[in-house]
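Listed in order, the protein sequences are those of chains A and B. Heads up: the first sequence at position 65 corresponds to 65 in this note's numbering, and the numbers run straight through without jumps. Heads up: the second sequence at position 117 corresponds to 117 in this note's numbering, and the numbers run straight through without jumps. Just so it is clear, CB atoms sit at the ideal spot from N, CA and C, and this is done for glycine as well.
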Amino acid sequence: MISMSSKASDAIASVFPRVLEEQTFLFADPSDLNFAAGPPREAVCVSITFSGANAGKLEMGISATLGREIARNLLEIEPGEEPSDSAAQDALRELLNVTCGNILTEMAGDKPVFNLSLPQIEPIDAKAWKKLISDPGASIYEVENQPVVLRLIGHDT
Amino acid sequence: MSFSVLIVDDSETVRSIIAKTLRLVNISLAETYAAENGEVALRILQEKRVDLVLTDINMPVMTGVELIQRMQESEAMKGIPVVVISTEGSSTRIDEFQAMGVRAHLRKPFTPERLRETIEEVMGDINEQ
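Here is the structure:
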């Protein structure tokens, strides 16, 4: 069993920049509340739940614009061509799926078994964005001059 | 040796990445098929000659585990090598995959080189002629 609150930020810091770079060739730099304060245009929240040795949810606040950039890199789309909205959403779901699987191993080791849900994505308004970034457990990054916020909500089972 | 591969993943992005990566690392492929879940994969396996299955686990409609179980129950399919490509990091779960007949597991994110090495371990000579 792992203590979610004490390890979550460290695990996110260890995993998210690596997964982002290896999957998309983009870089994530740690940032702060001030950078993320203004909600990005077309903000979305991507979420995935997990159960097993521990249960909880990983959320990622990000702009759909950055989602398109990530899809462009993942799919090696030529400059000037735009990935579809569904491709951008698919890319964000996959990014969170891989990030979550790797964070859980980082926190719990390679013995416990976790079951992950299918990632969900939904638009969020300025109020929801502010709530997400203001959470003490939120980890804020700068990616391509845009904010990305990750938050792990967990409870021991 | 040229062979046909079936890529099973609910993410179109991932299916596309794997297909591109297979071409990038010069694996000799006859045909590349793709399915968004285990159910569609089974239909393709019934209709086409497939030499290798690369499958995710966490998918809607029919998971990768169910797909592998159904393949093992089929005389025609149980000999087809299966490689799981997933976010799974639990050695307990990976041991379970191996007990089900899975030949190798590749964790996401993966490099093109790691994909090639994994397939080479399973299929032997995979170089383009």
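Just tell me which of the options has its CA closest to the CA of residue i.
i: Thr118 (chain B); options: B:Leu29, B:Val84, B:Glu12; result: B:Val84
i: Gly61 (chain A); options: A:Lys130, A:Pro136, A:Glu82, A:Asn145; result: A:Lys130
i: Arg103 (chain B); options: B:Asp51, B:Pro109, B:Thr21, B:Ala34; result: B:Asp51
i: Gly80 (chain A); options: A:Ala91, A:Gln89, A:Arg68; result: A:Arg68
i: Lys57 (chain A); options: A:Ala126, A:Ser117, A:Pro30; result: A:Ser117
Hey, quick one: how far does the alpha helix (DSSP H) through residue i stretch, first residue to last?
i: Met100 (chain B); result: That residue, Met100 (chain B), is in no alpha helix (DSSP H); it is neither H nor E in DSSP.
i: Ser86 (chain A); result: 85-108
i: Asn73 (chain A); result: 64-75
i: Val122 (chain B); result: 112-123
i: Glu143 (chain B); result: The structure shown does not extend to residue 143 (chain B), since chain B is modelled only from 1 to 129, so the question has no answer here.
In angstroms, rounded to a whole number, what distance separates the CA positions of residue i and residue j?
i: Gly112 (chain A); j: Ala55 (chain A); result: Here residue 112 (chain A) turns out to be Pro, not Gly, going by the sequence shown. Computed Cα separation, rounded: 12 Å.
i: Ser16 (chain B); j: Leu54 (chain B); result: 13 Å
i: Pro39 (chain A); j: Val122 (chain B); result: 48 Å
i: Thr157 (chain A); j: Ile48 (chain A); result: For Thr157 (chain A), the pLDDT reaches just 44, beneath the cut-off of 50, and the residue's location in the model is therefore unreliable, although a value from the coordinates is still provided. Taking the straight line from one Cα to the other gives about 17 Å.
i: Phe50 (chain A); j: Asn58 (chain B); result: 12 Å
i: Ser63 (chain A); j: Arg41 (chain A); result: 6 Å
i: Ile27 (chain B); j: Ile126 (chain B); result: 5 Å
i: Tyr33 (chain B); j: Asp32 (chain A); result: 45 Å
i: Lys7 (chain A); j: Ala108 (chain A); result: 9 Å
i: Ser89 (chain B); j: Thr105 (chain A); result: It is Gly, not Ser, that sits at residue 89 (chain B) in the sequence shown. C-alpha separation (whole angstroms): 6 Å.
i: Met1 (chain A); j: Ala53 (chain A); result: Reliability fails at Met1 (chain A), whose pLDDT of 44 lies under 50, so the model's placement of it is uncertain and the value that follows must be treated cautiously. One C-alpha to the other measures close to 6 Å.
Looking at the secondary structure, which residues open and close the beta strand (DSSP E) in which residue i lies?
i: Glu144 (chain A); result: First-last for Glu144 (chain A): undefined, no H or E at that position.
i: Thr21 (chain B); result: Counting along the chain, Thr21 (chain B) falls outside any beta strand (DSSP E), though it belongs to the alpha helix (DSSP H) covering 12-24.
i: Ile7 (chain B); result: 3-8
Review point. Can you find at least 3 beta carbon pairs, one from the stretch 90-101 of chain A and one from the stretch 18-38 of chain A, that sit closer than 8 Å?
Key: yes
Point to revise | Interface positions of the stretch 66-96 of chain B facing chain A (Cβ-Cβ less than 9 Å), listed along the chain | key: Ser86, Thr87, Glu88, Gly89, Ser90, Ser91, Thr92, Arg93, Ile94, Glu96
Practice item. Taking only beta carbons into account, state which residues of the stretch 9-20 of chain B come closer than 8 Å to chain A, listed in chain order. Key: Asp10, Ser11, Glu12, Thr13, Val14, Ser16, Ile17, Lys20
**Study point:** Short-range partners of chain B found in the stretch 114-126 of chain A, where Cβ spacing is below 9 Å
**Key:** Phe114, Asn115, Leu116, Ser117, Leu118
Review point. Can at least three beta-carbon pairs, one atom from the stretch 140-155 of chain A and one from the stretch 37-48 of chain B, be found at a separation below 8 Å?
Key: no
Practice item. Please name the residues in the stretch 91-104 of chain A whose beta-carbon is closer than 8 Å to at least one beta-carbon of chain B, in chain order. Key: Ala91, Arg93, Glu94, Asn97, Val98, Cys100, Gly101, Asn102, Leu104
Practice item. Would you list, in chain order, the members of the stretch 17-29 of chain A that have their beta-carbon closer than 7 Å to a beta-carbon of chain B? Key: Val19, Glu22, Gln23
Practice item. Check distances from the C-beta atoms of the stretch 44-78 of chain A to those of chain B and list, in chain order, the residues that come in under 8 Å. Key: Ala71, Leu74, Leu75, Glu76
Review point. When you check each C-beta in the stretch 106-117 of chain B against every C-beta of chain A, which residues fall closer than 9 Å?
Key: Arg107, Lys108, Pro109, Phe110, Thr111
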